[in-house]
Each structure stands twice: as C-alpha cells, then as structure tokens.
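Residue numbers (the numbering used here), protein chains in the order written: chain P, 4 to 229; chain Z, 1144 to 1440.
Using N, Cα and C, we set each Cβ at its ideal position, and we do this for glycine too.
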Ligand SMILES: Nc1ncnc2c1ncn2[C@@H]1O[C@H](COP(=O)(O)OP(=O)(O)OP(=O)(O)O)[C@@H](O)[C@H]1O
Ligand SMILES: [Mg+2]
C-alpha cells in the first residue's frame, strides 16, 4: 500500500516532484513512465526514504515515510525491494555476495543465504554467473543481478527503476514475466520504465509523469510520449 | 538471537578483512598509537615519581618554631592543638628545653664545655611540625612568625621542598596538557585511519543501509578495527613500558637511593593496564564517530 499526498521535492534549481498525489493498493502492479527528468527515479527514492521530500505526505505499508528513523527505518526498508537505476552493485563483491547482501544484513546463516541465492539466481537465469564480479557482467546481466538482490528477501513492495534497460527484448520479456510472477504472490510492484513495448503489451495500470507532476493515471494504459 | 550471532560473525570477519586490506595504514596507525601512548605513560610515571618525592621530602622537613622562654604554656598548647587540626599537617611535637639540651649533647658531644660555661640551658623549647602536604608550609610559617609573643623564631628548611614543589607543579600542568594533547593526537590518527577506510567503503555502506542493514551492522566492523588498532598499539606500548621499567628501575634506585622510587611494580602494572584501556577506548570511540556521518542514509 503506497499513498502519496501533495508531495513536493525540489533540488536547488528544479522541482523533481510537484504536488504528486497517487495511491497504489496492496498487491497492485503499476508502470511509471515519463521522459528523462520526469521525476520517476526521485519518486522511487522517496518511497524508499533514500531521499527526503519537502512537503506533503507519503505512506508506505502504513509507515509515515517523512518521520521514520533508526531501527524503524531499518525495518521499513526490509519490507521494500529496490532495483536501482544505476544498479548499485558492490564492485568488489561477487554476484553471489551481492545478491545475498539483504539476507546477510538481516543476520541469516550462510547456509540459508547460499540456498536462497541459488534459488533466486535460478529464477533470474544467472546461475552460471554466481562467482563473477559485476565488472565481468554485461549491462543486462548486472541489471538482473540487481533484480535478484531486490527480491531475495521477499519484500512486500518491489520498486524497479528501469529493470529492463539495456536488456534485449527476449530477456526483457523474461524479466517482466518474473515481475508479474512476483506480483502474483501479492507483492505491490511499481516499475519505472522507458520500454514502450512492454507497457503496451501488458495493458496494466500506467502512471505518466512529466516535469515532476502526474499527468495521467490510467488503469489500463499505453505508452505515450505525451 | 541466532541472527545476532550470524551478524556478529560477519561483523568480525569484515573487521579482520578491513585490517588486512590496507596493512601499511593499519601498521602506521598502530605504530603512531604505540609512540603516543609510550610518551603518555612516561609522563604519567615521571609525574607520579615527582609527587612521591615531594611527599617523601615533605615528611622529613620539619617546621621548627622556637618558643620564647616567657611564652605562656597554655597558649603554646592551644596553638599546638589548633595546628594538629590543620589540613596537610601530619604530626605536631613539643620539644622541651631539656629535650633540646639532651639532643644537643648527643649530637655535639665535643662541645659540652660550652654549656658548662653557660651554666644555664640556653636552648629554647620548640614546636616541630611534620607535614603530610608540604605545600601549605610557607603559609603556616608566616602565620607562626606573626605570633611574636609566643615564638621567637620560625625555621623552615624549605628550599629543597619548594624547588621540588614547583617542579612537580610544572610537571603536573605540563603532564595534564601532554596527556590531553597525546590522547587527542592518538584519537586523531585512529579517527583518520578509520575515516579513510569508511570513505573508501561509503557506497557499500549506503547500499547496505538501503537493503536493510542496521547502523550497528555497518558500524561494527569499523569500531572493531579502531579498537584493534588501539589495543595492539597500547599493548606494545605497555610491554615496552614494563621492560623499560625492569631495566631502568634498579639504576634509578641506585642513583637516588635516598628517595623511595615511585614507579614500583604495582604502579607500572596499573599504568600498563591503563594504557591498554586508553587504547581501547580511544580506538573504538574514535571509530564510532568516524562512521556516524556516513550512516545518515
Ligand atoms: N541529486 C540531484 N540533484 C539535483 N537535481 C537532481 C538530482 N536528482 C535528480 N535531479 C533532477 O530532478 C529531476 C527528476 O530527476 P529523476 O531522476 O527523478 O528523473 P527520471 O524521471 O528518473 O529520469 P530518467 O528517465 O532519465 O531516469 C531532473 O530534472 C533531475 O535533473
Ligand atoms: Mg530515472
């Protein structure tokens, strides 16, 4: 459950979010589209409380994002999986270590982590890349590793920032199937994307942003350039 | 609980890894810590020795107030009682004219005839003070000199004590300044070492926080790294200290045999323990604060 009410976020010279209000129900699947600089990434980062915002209110899983701190913030983030646009993989850690990180920080036993990593690498078709370092992977593979890391701890909310960027159409399709699969397990899923083919294919809810504002929000949307 | 243990194991492993990752820096920080703490401990030892010397000398140095022959005995008794209550005064002894004569005779047996000539006892009675704290001696002497109707003169074998006192005062101030400065330098070195390590891993810290790590989980390895640097440096310093003491103490005792040497084995042991504690606290607390800034994710 995600609810934003009149959310504003300004960087020094620009408004990244301008009076954004929207709500996404528990278990829902939605696309977030818009041109470069529309505010998609900023919105997702606000939802993870990676970025603060200037005004308005944000509720995720019933938690008031503006005021969550300390141990509560840690618990809050443990219920969210995020695929960062820039992947944020640790360069000095292998695929296995990167993907296992969310479980590692939760104090899971190495044995359990290894099993979960093997499982999720299977799902993301990365099983043979477990020992590689991120620099030894293609851009698309790195993105898949980022997705594997986002879902390994079984989050309630999955936020994906361009999960299929630089992934060829066939693999992109697989990724989307995987996202739908995870969504069907009850995970609220919000996907920021430029991939018109996928958006048009799936005929799901589409939220279109421009200049920090929500311009359109259609339950069965198509990709439009505005 | 199990999760905590798993996390702890990971934190320890990461700390060990962090220390090995940049051995030059780790060794540099350890050596600096060692040098700083040896200097610090040496200052504490010198200070303590000086204090003990002053106290020891103070015990020996009496203040002697010679009583007028015509002084009222009740007045003298009252003054003595008052002196006994003063802070810093150890013992107050009354030496009668007869006692004084006795002492004179014992000490200067060859000059008996001088007394025979005089026929009367020319030696005054006296009040003698043994001090616990020689610092109050000058003021006390002035006060007694003011009682001209009771005391004919007041003698303080003061110069040695006074000189030692001023040395010990200077060394106390200098020592305090040095302790603070050296602790600060040690803190600075460890904080910087850890800060460089933290900076190198700032992206990792950020990602860990974003995927749900607690502050403790992120901070733990750095705090342990700092503590290890501090404790290892301090242990080397403490061992050096104990060895130096074992070598030097007999020599020092021989040279200034008239003084009880302050740095006895017990003191050195305490100093060693203290040094290691300083290393531990400075290392861990310093690291704790080095990471803080990067935890605000
Ligand atoms: N850290 C920052 N400092 C200053 N301005 C920023 C920062 N991050 C984003 N912006 C600005 O905020 C606006 C929204 O950026 P955002 O990254 O949310 O866009 P986006 O929709 O994700 O774009 P893209 O499709 O290119 O990823 C842009 O104008 C961008 O320049
Ligand atoms: Mg973006």
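Contact test: residue i Cβ vs ligand 2 heavy atom, cutoff 8 angstroms
{"i": "residue 164(P)", "result": "yes"}
{"i": "residue 88(P)", "result": "yes"}
{"i": "residue 195(P)", "result": "yes"}
{"i": "residue 82(P)", "result": "no"}
{"i": "residue 43(P)", "result": "yes"}
Residue j beta carbon less than 9 angstroms from that of residue i
{"i": "residue 1434(Z)", "j": "residue 1353(Z)", "result": "no"}
{"i": "residue 1181(Z)", "j": "residue 1384(Z)", "result": "yes"}
{"i": "residue 90(P)", "j": "residue 137(P)", "result": "yes"}
{"i": "residue 84(P)", "j": "residue 153(P)", "result": "yes"}
{"i": "residue 162(P)", "j": "residue 193(P)", "result": "yes"}
{"i": "residue 1183(Z)", "j": "residue 1270(Z)", "result": "no"}
{"i": "residue 1178(Z)", "j": "residue 1330(Z)", "result": "no"}
{"i": "residue 1315(Z)", "j": "residue 1413(Z)", "result": "no"}
{"i": "residue 1373(Z)", "j": "residue 1176(Z)", "result": "yes"}
{"i": "residue 189(P)", "j": "residue 208(P)", "result": "no"}
{"i": "residue 102(P)", "j": "residue 151(P)", "result": "yes"}
{"i": "residue 1214(Z)", "j": "residue 1293(Z)", "result": "yes"}
{"i": "residue 62(P)", "j": "residue 46(P)", "result": "no"}
{"i": "residue 108(P)", "j": "residue 1144(Z)", "result": "no"}
{"i": "residue 1218(Z)", "j": "residue 1283(Z)", "result": "no"}
{"i": "residue 77(P)", "j": "residue 1355(Z)", "result": "yes"}
{"i": "residue 1212(Z)", "j": "residue 1291(Z)", "result": "no"}
{"i": "residue 1381(Z)", "j": "residue 1418(Z)", "result": "yes"}
Rounded straight-line distance, which links the Cα of residue j to that of residue i
{"i": "residue 71(P)", "j": "residue 38(P)", "result": "31 angstroms"}
{"i": "residue 1431(Z)", "j": "residue 117(P)", "result": "31 angstroms"}
{"i": "residue 1206(Z)", "j": "residue 1232(Z)", "result": "10 angstroms"}
{"i": "residue 1376(Z)", "j": "residue 1153(Z)", "result": "24 angstroms"}
{"i": "residue 178(P)", "j": "residue 1339(Z)", "result": "39 angstroms"}
{"i": "residue 64(P)", "j": "residue 6(P)", "result": "9 angstroms"}
{"i": "residue 1216(Z)", "j": "residue 1421(Z)", "result": "57 angstroms"}
{"i": "residue 1278(Z)", "j": "residue 1388(Z)", "result": "29 angstroms"}
{"i": "residue 87(P)", "j": "residue 1185(Z)", "result": "55 angstroms"}
{"i": "residue 1361(Z)", "j": "residue 155(P)", "result": "20 angstroms"}
{"i": "residue 1311(Z)", "j": "residue 1317(Z)", "result": "10 angstroms"}
{"i": "residue 14(P)", "j": "residue 195(P)", "result": "20 angstroms"}
{"i": "residue 111(P)", "j": "residue 32(P)", "result": "29 angstroms"}
{"i": "residue 1411(Z)", "j": "residue 1324(Z)", "result": "22 angstroms"}
{"i": "residue 1415(Z)", "j": "residue 1408(Z)", "result": "10 angstroms"}
{"i": "residue 206(P)", "j": "residue 1159(Z)", "result": "52 angstroms"}
{"i": "residue 1227(Z)", "j": "residue 1393(Z)", "result": "38 angstroms"}
{"i": "residue 24(P)", "j": "residue 149(P)", "result": "28 angstroms"}
{"i": "residue 1358(Z)", "j": "residue 73(P)", "result": "8 angstroms"}
{"i": "residue 10(P)", "j": "residue 1156(Z)", "result": "42 angstroms"}
{"i": "residue 1405(Z)", "j": "residue 1313(Z)", "result": "For residue 1405(Z), the pLDDT reaches just 49, beneath the cut-off of 50, and the residue's location in the model is therefore unreliable, leaving the point undetermined."}
{"i": "residue 1265(Z)", "j": "residue 1280(Z)", "result": "27 angstroms"}
{"i": "residue 1348(Z)", "j": "residue 185(P)", "result": "28 angstroms"}
{"i": "residue 1248(Z)", "j": "residue 1193(Z)", "result": "37 angstroms"}
{"i": "residue 160(P)", "j": "residue 28(P)", "result": "11 angstroms"}
{"i": "residue 210(P)", "j": "residue 1328(Z)", "result": "57 angstroms"}
{"i": "residue 219(P)", "j": "residue 1149(Z)", "result": "47 angstroms"}
{"i": "residue 1295(Z)", "j": "residue 1208(Z)", "result": "8 angstroms"}
{"i": "residue 1344(Z)", "j": "residue 1436(Z)", "result": "13 angstroms"}
{"i": "residue 1241(Z)", "j": "residue 1263(Z)", "result": "11 angstroms"}
{"i": "residue 54(P)", "j": "residue 1165(Z)", "result": "33 angstroms"}
Residue i CB to nearest heavy atom of ligand 1 below 8 angstroms
{"i": "residue 46(P)", "result": "yes"}
{"i": "residue 14(P)", "result": "yes"}
{"i": "residue 38(P)", "result": "yes"}
{"i": "residue 227(P)", "result": "no"}
{"i": "residue 1179(Z)", "result": "no"}
{"i": "residue 21(P)", "result": "no"}
{"i": "residue 59(P)", "result": "no"}
{"i": "residue 224(P)", "result": "no"}
{"i": "residue 1351(Z)", "result": "no"}
{"i": "residue 17(P)", "result": "yes"}
{"i": "residue 212(P)", "result": "yes"}
{"i": "residue 215(P)", "result": "yes"}
Own chain residues within Cβ distance below 7 angstroms of residue i, not counting five before or after
{"i": "residue 1223(Z)", "result": "1235, 1237 and 1270"}
{"i": "residue 1161(Z)", "result": "1340, 1364 and 1368"}
{"i": "residue 132(P)", "result": "98, 140 and 144"}
{"i": "residue 222(P)", "result": "208"}
Close Cβ partners of residue i (< 6 angstroms) along its chain, the five nearest in sequence each way excluded
{"i": "residue 142(P)", "result": "169"}
Nonlocal neighbours in the same chain, by C-beta distance under 8 angstroms from residue i, ignoring five residues either side
{"i": "residue 1346(Z)", "result": "none"}
{"i": "residue 197(P)", "result": "36, 165 and 168"}
Is it the case that the region 1322 to 1339 of chain Z contacts the region 1170 to 1179 of chain Z, given that we only count it when at least three CB pairs across the two stretches are under 8 angstroms?
Contact between the region 1170 to 1179 of chain Z and the region 1322 to 1339 of chain Z is present, because at least three Cβ pairs lie under 8 angstroms.
So, do the region 212 to 228 of chain P and the region 39 to 56 of chain P have three or more beta carbon pairs nearer to each other than 8 angstroms?
Because the criterion of three Cβ pairs below 8 angstroms is met, the region 212 to 228 of chain P and the region 39 to 56 of chain P touch.
With three or more beta-carbon pairs closer than 8 angstroms as the criterion, would you say the region 98 to 107 of chain P touches the region 123 to 132 of chain P?
Judged by Cβ distances under 8 angstroms, the region 98 to 107 of chain P makes contact with the region 123 to 132 of chain P, as three or more pairs qualify.
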